[in-house]
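Mapping to the numbering used here: the sequence shown position 99 is 101, numbers consecutive.
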Amino acid sequence: MRKQAPCRIVVCRGCCCGSADKVAGLDHAEQVTRLAEVTAVRVTDCLDVCERANVIVVQPSAAGRAAGGRPVWLGLVNDPDAAEDIAAWVRAGGPGVAEPPDILGLYVFTPPRRIRTAPALS
């Protein structure tokens with residue numbers, strides 16, 4: 003039996019995201035480490051929504067995508083506890099499988115269409 007692809011996380015660490023100059027008071031490396039404890043994390047260059055630094059995209063698992071889940075963009079993820087909220091959601095199944103913790107609703111945004119369809123997230 004072939005193993006289904008799990009949720010994946012894309013973490014922006016381009017020009018603004020991950021920068022102590024832009025987002026002070028957050029251990030940016032720890033944020034990535036915490037998320038990598040639960041699923042594959044891809045660190046990417048700028049996702050072109052710098053006004054929402056730090057940006058994290060949660061991509062659905064194969065099961066989540068089959069159930070209609072789509073990538074969920076989270077912006078202004080600058081609270082140290084947010085990584086745990088994201089990790090808990092991914093452990094529960096992520097987009098299409100489990101409802102996100104209510105607190106994550108504060109971070110969700112819809113990126114411009116040109117960004118949503120970028121090859122980096124396909």
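Every residue gets a Cβ at the ideal spot worked out from N, C-alpha and C, and that includes glycine.
All of these numbers come straight from a predicted model, not from anything done at the bench.
- Under DSSP, residue 42 shares a beta bridge with 10.
- Distances from the alpha-carbon of residue 18 to those of 103, 76, 82 and 56 put 56 closest.
- Contact holds between the segment 62 to 75 and the segment 94 to 101, because three or more Cβ pairs, one in each stretch, are under 8 Å apart.
- Taking a C-beta distance under 7 Å as the contact criterion, residue 93 and residue 45 do not qualify as a contact pair.
- For residue 82, the closest C-alpha among the options 8, 20 and 10 is that of 20.
- Beyond the five residues adjoining it in sequence on each side, residue 32 comes within less than 7 Å, by CB distance, of no other residue in the same chain.
- Its chain contains 18 and 55 as the residues whose beta carbon lies nearer than 6 Å to that of residue 24, once the 5 sequence neighbours on both sides are disregarded; these appear in chain order.
- Contact annotation: residue 37 and residue 85 have beta-carbon atoms nearer than 7 Å.
- For residue 92, the uninterrupted alpha helix (DSSP H) run begins and ends at 84 to 94, by DSSP.
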